[in-house]
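Structure first, then comments.
In this note's numbering, the protein residues as written are 8 to 98.
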């Protein structure tokens with residue numbers, strides 16, 4: 008999956024009924040949240056914006072857009088903690 012396709016997946020999820028049933032959990036060491044979607048995807052949210060997507064089937068973490076240095080560090084921290092062996096792709 009390309010980064011653009013990852014963004015489209017995120018948009019589809021956020022525009023669907025799934026977005027209403029996502030249970031957001033604050034990541035313990037930073038101001039970011041993760042939300043599991045149908046077993047395949049985990050979204051990473053900073054404040055009210057989805058900034059990352061973890062694809063558990065393809066084993067890739069996507070940073071969706073150019074964000075602040077702090078937000079990028081949050082995404083990388085979550086990746087290192089949750090899925091250290093996954094590939095990282097920054098958009």
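We put the CB at the ideal spot given by N, CA and C, even for glycine.
| Item | Value |
| --- | --- |
| Beta-carbon gap between residue 84 and residue 55 smaller than 9 Å | no |
| Whole-Å CB distance - residue 41 paired with residue 63, under 8 Å assumed | 12 Å between Cβ atoms; not a contact. |
| Whole-angstrom C-beta distance between residue 71 and residue 98, which should lie under 8 Å | 6 Å |
| Endpoints, beta strand (DSSP E) assigned at residue 51 | 48–53 |
| For residue 82 and residue 74, the rounded distance between their alpha carbons | 10 Å |
| For residue 44, the three-state DSSP class (helix, strand or coil) | strand |
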